[in-house]
Amino acid sequence: MPFFTVDGQALHYIDQGTGPAVLLAGSYLWDTAMWAPQIAALAPHYRVIALDLWGHGESGRLPPGTTSLDDIARQAEALLDHLGIDQVTLVGLSVGGMWGVRLALSAPQRLNGLVLMDTYVGVEPEPTRQYYFSLFKQIEESGEISEQLLDIVVPIFFRPGIDPQSALYQDFRAKLAAYSTDRLRDSIVPMGRITFSRDDRLPRLGELNAATTLVLCGDQDKPRPPSEAKEMAELIACPWVLVPEAGHISSLENPQFVNEVLLAFLAERNHSID
1 MPFFTVDGQA LHYIDQGTGP AVLLAGSYLW DTAMWAPQIA ALAPHYRVIA LDLWGHGESG
61 RLPPGTTSLD DIARQAEALL DHLGIDQVTL VGLSVGGMWG VRLALSAPQR LNGLVLMDTY
121 VGVEPEPTRQ YYFSLFKQIE ESGEISEQLL DIVVPIFFRP GIDPQSALYQ DFRAKLAAYS
181 TDRLRDSIVP MGRITFSRDD RLPRLGELNA ATTLVLCGDQ DKPRPPSEAK EMAELIACPW
241 VLVPEAGHIS SLENPQFVNE VLLAFLAERN HSID
């Protein structure tokens with residue numbers, strides 16, 4: 001299992017396939033497993049890198065001094081340096097897109113393509129921010145994600161019609177329930193506060209390369225609704241696509257559609273598929 005030490009902590013990542021590099025950057029509360037269908041589809045043609053956020057999956061705890069999404073972007077760039085990757089197509093879902101835009105703005109030469117999935121780089125709307133922070137406070141104080149909180153948190157990530165007995169839903173619920181008190185307090189809650197207190201990057205979206213950027217959004221995404229995707233795409237002046245029958249984790253709810261869109265986008269960027 002490959003790890004890269006940055007800012008004193010071990011960052012876990014997956015590195016599969018050969019060819020032009022693709023970096024998959026995932027959602028808060030999810031690990032690299034959320035990209036399993038994409039890794040399977042892309043790795044025969046590309047070198048696919050996927051990383052775990054701090055405190056998620058196999059990665060170590062949030063490093064001291066990591067206080068913003070800009071730090072996460074810098075750490076990801078350090079991973080690219082470590083792997084000897086000069087240019088990458090970045091596919092960022094949710095917080096992965098939030099810090100992915102920061103990497104694209106701070107080091108545009110490193111990206112030959114950017115896909116923003118189920119994400120929003122404006123500030124979190126104040127009512128939502130306050131609501132999430134109240135949940136973080138409960139988790140921090142109790143040291144667990146209680147059954148009551150699981151009933152609130154888990155449905156946020158899926159389309160409203162999902163079967164709550166499905167493996168996708170139940171596996172995610174079990175993973176959240178299993179977080180240790182230390183992991184929640186040291187990494188998960190602080191990472192959430194960093195994510196939802198982010199500053200505004202909407203005014204800078206016009207600096208992105210519209211010709212190499214795509215916005216994707218589940219048509220039933222609740223936390224990051226299609227209206228936000230449309231707003232960002234218009235500011236970038238790039239295409240945007242709705243993923244049918246999908247909520248926030250569109251990579252898993254409609255993987256076939258997402259894979260087809262990504263393969264077409266990457267083929268345009270790299271002209272590399274046989």
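Residue 182 in the UniProt record's numbering sits at position 182 of the sequence shown; the count goes up by one each step and never skips. Here a beta-carbon is modelled for each residue, glycine too, at the ideal position from N, C-alpha and C.
If you draw a straight line from the C-alpha of residue i to the C-alpha of residue j, how long is it?
i: D151; j: L252; result: 20 Å
i: Y46; j: V22; result: 7 Å
i: L42; j: L263; result: 7 Å
i: P155; j: E231; result: 25 Å
i: residue 282; j: G8; result: Lying outside 1 to 274, the shown extent of the chain, residue 282 is not represented and no answer is given.
i: residue 356; j: P125; result: Past the boundaries of the shown model lies residue 356; the chain is included only from 1 to 274, so the question cannot be answered.
i: G57; j: D15; result: 15 Å
i: S250; j: G84; result: 30 Å
i: L114; j: Q138; result: 36 Å
i: R102; j: A73; result: 6 Å
i: S98; j: Q165; result: Strictly speaking, residue 98 in this sequence is Met, with Ser absent from that position. Using only the alpha carbons, I get a separation of about 31 Å.
i: V48; j: L80; result: 12 Å
i: E140; j: A10; result: 23 Å
i: Q87; j: L111; result: 5 Å
i: P127; j: A36; result: 33 Å
i: L202; j: A237; result: 13 Å
i: L176; j: I145; result: 7 Å
i: D71; j: A104; result: 14 Å
i: N259; j: S27; result: 17 Å
i: V121; j: D200; result: 6 Å
i: T89; j: L266; result: 8 Å
i: H248; j: T213; result: 20 Å
i: F136; j: S227; result: 26 Å
i: R185; j: L29; result: 13 Å
i: P160; j: P223; result: 12 Å
i: I188; j: L149; result: 15 Å
i: N270; j: G17; result: 15 Å
i: Y131; j: Q38; result: 32 Å
i: P190; j: L51; result: 18 Å
i: P108; j: L53; result: 22 Å
i: D31; j: S94; result: 12 Å
i: F157; j: A233; result: 22 Å
i: G100; j: A25; result: 8 Å
i: M34; j: R173; result: 14 Å
i: T5; j: S106; result: 22 Å
Residues bridged to residue i by DSSP?
i: L216; result: M117 and V241
i: I145; result: BP columns for I145 are empty, so no partner.
i: L93; result: M117
i: L111; result: V88
i: F3; result: H12
In the structure shown, what three-state DSSP assignment does residue i receive?
i: D15; result: strand
i: residue 275; result: No information on residue 275 is available, as it lies outside the stretch 1 to 274 that the chain covers here.
i: D53; result: Residue identity check: residue 53 is Leu in the sequence provided, not Asp. Coil.
i: L62; result: coil
i: R269; result: helix
i: R47; result: strand
i: L88; result: A small fix is needed here, since residue 88 is Val in this sequence, not Leu. V88 falls in the strand class under three-state DSSP.
i: L263; result: helix
i: G206; result: helix
i: D274; result: In this prediction, D274 scores a pLDDT of 41, lower than 50, which makes its location untrustworthy; the coordinate-derived value is nonetheless stated afterwards. If DSSP states are grouped into helix, strand and coil, D274 belongs with coil.
i: K222; result: coil
i: A246; result: coil
i: P255; result: helix
i: S227; result: helix
i: residue 276; result: Here the chain comprises residues numbered 1 to 274, so residue 276 is not present and cannot be evaluated.
i: E126; result: helix
i: D200; result: coil
i: S68; result: coil
Answer yes or no: does any C-beta atom of chain C fall closer than 8 Å to that of residue i?
i: A267; result: In the structure shown, chain C does not exist; there is a single protein chain.
Just checking, does the segment 206-219 make contact with the segment 173-191 on the three C-beta pairs under 8 Å criterion? No, the segment 206-219 is not in contact with the segment 173-191.
Continuous beta strand (DSSP E) assignments of at least 3 residues falling wholly in the segment 17-41: 21-25
Could you tell me whether the segment 217-225 touches the segment 183-195, where touching means 3 or more Cβ pairs closer than 8 Å? Under the Cβ criterion (8 Å, minimum of three pairs), the segment 217-225 does not count as touching the segment 183-195.
The segment 48-65 contacting the segment 240-247, beta-carbon criterion three pairs below 8 Å: No: fewer than three Cβ pairs fall under 8 Å.
In chain order, what are the residue ranges of uninterrupted beta strand (DSSP E) at least 3 long that sit wholly in the segment 128-196? none
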